[in-house]
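Taken in order, these protein sequences are the chains called A and X.
Under our numbering, the first residue of the first sequence is numbered 69, with each subsequent residue one higher.
Under our numbering, the first residue of the second sequence is numbered 42, with each subsequent residue one higher.
Idealized CB from N, CA, C, for every residue including glycine.
In this text the structure is predicted, and so the values were computed from the model without any measurement.
Written below as structure tokens is the structure these notes are about.
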Amino acid sequence: MDLIRHVQCFVAVAEELHFGRAAQRLGMAQPPLSQRVQRLERELGVRLFDRTTRQVTLTKSGTLLLTEARNLLASAEALTATARHVREGRSGLVRAALSPDIAGETVAAVLDGFAERGHGVELELHELSTAEQVDRLARHELDVGLIRHPCDVTGLELGPVLRHDLGVLLPHDAPAAGFEVVPLAALAGYELILFPRELAPAVYDDLLTTCARHGLTPQAVRHGQGASFTRGLLLSRRAVAFAPRTESAPSPSSSPFPSSSPSPETVWRPLAGAPLAWRHSAAWPRGRGEDAGVRAFADTVTEALGRTAASESDTAVPMPSHPLHLRPAAEYWI
Amino acid sequence: MTEPTPHPRTPPPPGAGARIGAAFAGAGVTGWLHARDIDTDAEVDAGADRPVVTASVHKLCVLVTLHEAAAAGRLDLTEQTEIPAHGRTPGPTGLGAMLDGARLSLRDAAFLMMSVSDNAAADVLLERVGLDAVNATTRRLGMPRTEAVETFGSFLGSLRKDAGPAGPRAFADPRVIAGLRALDPARTNRSTPRDMTALLAAVWRDEAGTPEHCAAMRRILGLQVWPHRLASGFPFDDVQVAGKTGSVPTLRNEVGVVAYPDGGRYAVAVFTRAASPAATLPAADAVIGTAARLAVESLRTPSPPGA
Numbered sequence: 069m070d071l072i073r074h075v076q077c078f079v080a081v082a083e084e085l086h087f088g089r090a091a092q093r094l095g096m097a098q099p100p101l102s103q104r105v106q107r108l109e110r111e112l113g114v115r116l117f118d119r120t121t122r123q124v125t126l127t128k129s130g131t132l133l134l135t136e137a138r139n140l141l142a143s144a145e146a147l148t149a150t151a152r153h154v155r156e157g158r159s160g161l162v163r164a165a166l167s168p169d170i171a172g173e174t175v176a177a178v179l180d181g182f183a184e185r186g187h188g189v190e191l192e193l194h195e196l197s198t199a200e201q202v203d204r205l206a207r208h209e210l211d212v213g214l215i216r217h218p219c220d221v222t223g224l225e226l227g228p229v230l231r232h233d234l235g236v237l238l239p240h241d242a243p244a245a246g247f248e249v250v251p252l253a254a255l256a257g258y259e260l261i262l263f264p265r266e267l268a269p270a271v272y273d274d275l276l277t278t279c280a281r282h283g284l285t286p287q288a289v290r291h292g293q294g295a296s297f298t299r300g301l302l303l304s305r306r307a308v309a310f311a312p313r314t315e316s317a318p319s320p321s322s323s324p325f326p327s328s329s330p331s332p333e334t335v336w337r338p339l340a341g342a343p344l345a346w347r348h349s350a351a352w353p354r355g356r357g358e359d360a361g362v363r364a365f366a367d368t369v370t371e372a373l374g375r376t377a378a379s380e381s382d383t384a385v386p387m388p389s390h391p392l393h394l395r396p397a398a399e400y401w402i
Numbered sequence: 042m043t044e045p046t047p048h049p050r051t052p053p054p055p056g057a058g059a060r061i062g063a064a065f066a067g068a069g070v071t072g073w074l075h076a077r078d079i080d081t082d083a084e085v086d087a088g089a090d091r092p093v094v095t096a097s098v099h100k101l102c103v104l105v106t107l108h109e110a111a112a113a114g115r116l117d118l119t120e121q122t123e124i125p126a127h128g129r130t131p132g133p134t135g136l137g138a139m140l141d142g143a144r145l146s147l148r149d150a151a152f153l154m155m156s157v158s159d160n161a162a163a164d165v166l167l168e169r170v171g172l173d174a175v176n177a178t179t180r181r182l183g184m185p186r187t188e189a190v191e192t193f194g195s196f197l198g199s200l201r202k203d204a205g206p207a208g209p210r211a212f213a214d215p216r217v218i219a220g221l222r223a224l225d226p227a228r229t230n231r232s233t234p235r236d237m238t239a240l241l242a243a244v245w246r247d248e249a250g251t252p253e254h255c256a257a258m259r260r261i262l263g264l265q266v267w268p269h270r271l272a273s274g275f276p277f278d279d280v281q282v283a284g285k286t287g288s289v290p291t292l293r294n295e296v297g298v299v300a301y302p303d304g305g306r307y308a309v310a311v312f313t314r315a316a317s318p319a320a321t322l323p324a325a326d327a328v329i330g331t332a333a334r335l336a337v338e339s340l341r342t343p344s345p346p347g348a
């Protein structure tokens with residue numbers, strides 16, 4: 069008996085609770101589907117469904133076996149995928165990704181670092197946004213990536229979260245450039261240059277919420293990403309942008325992120341209290357952490373970004389440290 | 042073997058799923074939805090068979106089980122229960138937040154469980170009926186993928202334990218979020234959007250119990266206080282929304298029924314997971330209403346003749 073195929077039939081009927089629909093979904097005729105389910109019931113020695121003329125329901129045994137059955141199908145899929153890689157001679161391949169906001173020097177450092185510690189594993193490196201990475205990790209089309217938080221981390225394991233504090237880039241003659249450390253509220257009269265929201269709605273909202281919490285509601289938000297575009301907006305308007313520390317400011321090493329190129333017309337200042345940060349971590353599908361290629365890539369990117377990461381513990385998302393007694397914000401309470 | 046006759050299933054109108062997906066993405070969440078016209082079984086499916094963590098939404102299953110036990114004569118809903126101050130399940134609302142002992146009828150405890158998601162009241166009732174009875178009820182009502190495996194106290198306990206000594210502050214750490222048992226449908230109380238609309242439809246069609254008991258359950262669901270999720274999508278005085286919410290860090294859920302004055306009634310189940318672990322995310326709450334309205338409106342859009 070082809071157990072996997074029979075289990076597929078069981079799961080399809082369990083999900084549809086209807087033989088006709090399940091057969092349609094599996095692209096097969098109904099009589100062989102019924103036969104397969106009966107065969108599986110005989111093989112397992114339990115009845116999986118109660119069938120009446122009006123409806124199909126899962127038996128208690130069926131319900132108990134359904135989770136196991138799904139796990140079996142998921143494992144079978146993973147087995148097939150791995151086998152395909154081996155067949156194609158790609159057993160020593162790791163499919164990895166970096167997001168487009170990583171500086172070219174850092175990408176080069178990651179490639180060099182992986183060659184050193186990858187033990188001959190071949191690296192297939194893609195440039196993918198966090199959303200694309202999360203999607204492909206879930207579909208096992210990517211082995212490991214460097215993702216930006218916050219994002220949906222369902223089913224993932226993460227490496228250390230690296231925090232890079234953001235400062236502000238301003239025109240050198242802007243009054244706020246007179247501060248050594250700029251309070252966010254001092255930027256209230258400026259327009260803010262920010263990446264387009266659809267690239268990462270949660271990161272975007274998080275950033276604007278933190279600004280509002282610290283007294284900054286920008287005059288307007290202008291969307292732009294490229295370094296020269298950002299610089300043009302900075303110079304021609306009363307506009308500012310957030311960026312990690314650049315070479316124009318004293319720093320032990322260069323930033324892993326590209327930012328507006330330092331120029332005499334712009335200055336970079338740290339923000340008071342470091343309320344804003346980019347946060348990244350390596351991520352891989354749960355259970356793949358021991359895979360040599362995944363391990364090597366995760367360690368390499370963590371090291372490459374970690375050189376410049378802030379060392380203090382990560383508390384970027386403001387969470388009340390004291391219990392709130394005014395109004396329940398949620399239904400849970402721990 | 043004779044196969045059953047299928048319920049008539051209308052294919053979802055083109056575009057509804059895509060618009061719902063775009064609304065979820067725009068709010069910074071991943072979402073799964075099922076909407077069902079209670080009278081025709083026409084549906085909108087946007088990830089309707091995805092296993093989801095129910096959290097407090099499972100209190101709806103407890104409510105139906107309680108009424109089933111009452112209908113069978115195993116308990117009396119007006120029976121008074123002593124609920125001492127100590128040892129009850131904590132929470133931010135209802136008896137869970139109160140400081141002193143209380144004495145309530147079972148049905149008033151059920152009212153607190155549903156209207157303000159009172160964890161203490163829910164566990165008092167759950168202890169009374171038992172997890173097995175809750176699962177027997179959901180199976181009987183045709184919800185094969187719904188399973189209650191723990192009490193609400195145990196659910197919150199796992200959250201507390203996984204957060205560690207840092208308490209709620211730990212939820213700011215993506216690695217803590219990635220490891221929470223309370224976010225894994227395989228390890229806690231679970232269902233699917235499709236299962237939940239089946240349960241709601243059974244309550245609204247008087248199939249989840251006697252008509253009197255179903256009416257009592259509908260009354261309680263209509264007295265729910267939270268306006269920020271499902272109800273926010275229907276800001277119309279003549280449209281009624283009855284529902285039950287559920288929340289865990291990053292998860293926001295609501296299942297409920299939307300009733301229009303022309304008699305149209307729609308069961309909707311929306312389960313979301315936010316990218317951000319922040320507790321206050323108004324957009325993530327509101328998109329539950331937005332997605333539900335997109336689904337209900339597509340069910341209410343007349344098909345062109347001959348289509």
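Taking a C-beta distance under 8 Å as the contact criterion, residue 252/A and residue 335/A do not qualify as a contact pair. Not a single C-beta of chain X is nearer than 8 Å to the C-beta of residue 336/A. Scanning 176/X, 144/X, 194/X, 218/X for the CA closest to the CA of residue 187/X turns up 176/X. Bounds of any beta strand (DSSP E) do not take in residue 275/X, whose DSSP letter is neither H nor E. From the listed residues 61/X, 202/X, 181/X, 280/X, the smallest Cα separation to residue 85/X is found for 61/X.
In the DSSP assignment, residue 81/A falls within the unbroken alpha helix (DSSP H) covering 71-84. Taking the beta carbon of residue 219/X as reference, the chain A residues within 7 Å of it are 221, 224, 225, 226, listed in sequence order. Using a C-beta cut-off of 8 Å, the region 72-81 of chain X makes no contact with the region 135-154 of chain X, since fewer than three inter-stretch Cβ pairs fall below that distance. For residue 149/A, no Cβ of chain X is located within less than 8 Å of the residue's own Cβ. Boundaries of the alpha helix (DSSP H) around residue 200/X: 193-204. Per DSSP, the beta-bridge partners of residue 71/X are 314/X. The straight-line gap separating the alpha-carbon atoms of residue 208/A and residue 166/A is approximately 16 Å. Rounded to whole angstroms, the separation of the alpha carbons of residue 109/X and residue 103/X is 10 Å. At least 8 Å separates the CB of residue 343/X from every CB of chain A. Below the 7 Å Cβ cutoff, chain X contributes no neighbours of residue 143/A, its closest Cβ being approximately 14 Å away. Across the region 70-99 of chain X, CB contacts with chain A closer than 9 Å involve 70, 71, 90, 92, 96, 97, in sequence order along the chain. DSSP, reduced to helix, strand and coil, places residue 110/A within a helical segment of the structure shown. By the neighbour-count criterion, in which a residue is buried when 16 or more other Cβ atoms sit within 10 angstroms of its Cβ, residue 260/X is exposed. Where residue 195/A is concerned, there is no enclosing alpha helix (DSSP H), although the beta strand (DSSP E) around it starts and stops at 190-195. One thing to note: residue 87/A has its Cβ no nearer than 8 Å to the Cβ of residue 79/A.
The beta carbon of residue 211/A does not come within 8 Å of any beta carbon belonging to chain X, so the residue lies off that interface.
DSSP places residue 334/X in no beta strand (DSSP E) but in the uninterrupted alpha helix (DSSP H) bounded by 323-341. DSSP places residue 265/A within a helical segment (H, G or I) once states are collapsed to three. Here DSSP, grouped into helix, strand and coil, assigns residue 335/A to strand.
DSSP lists 293/X as the bridge partner or partners of residue 288/X. Fewer than three Cβ pairs drawn from the region 284-296 of chain A and the region 346-361 of chain A lie within less than 8 Å of each other, which leaves the two stretches out of contact. By the criterion of a C-beta distance shorter than 7 Å, residue 92/X is surrounded in its chain by 186, 226, 231, 233, once the five residues flanking it on both sides are discounted. The beta carbon of residue 192/A lies closer than 8 Å to those of 161, 162, 163, 164 in the same chain, with the five residues before and after it left out. Cβ neighbours of residue 352/A within its own chain (closer than 8 Å, five residues either side excluded): 205, 211, 212, 213, 224, 225, 359, 362, 366.
Within chain A, the residues 220, 222 have their CB atoms less than 7 Å from the CB of residue 314/X, given in chain order. From the beta-carbon of residue 126/A, the residues of chain X found nearer than 7 Å are 185. Contact of residue 332/X with chain A is not assigned, every C-beta pair being separated by 8 Å or more.
For chain X, none of the residues of the region 160-174 of chain A brings a beta carbon within less than 8 Å of one of its beta carbons.
For residue 365/A, the enclosing alpha helix (DSSP H) has its first and last residue at 360-374. The C-beta of residue 240/A has fewer than 16 other C-beta atoms within 10 Å across all chains shown, which makes the residue exposed. Residue 281/A counts as exposed, since fewer than 16 other C-beta atoms from the protein chains shown sit within 10 angstroms of its C-beta.
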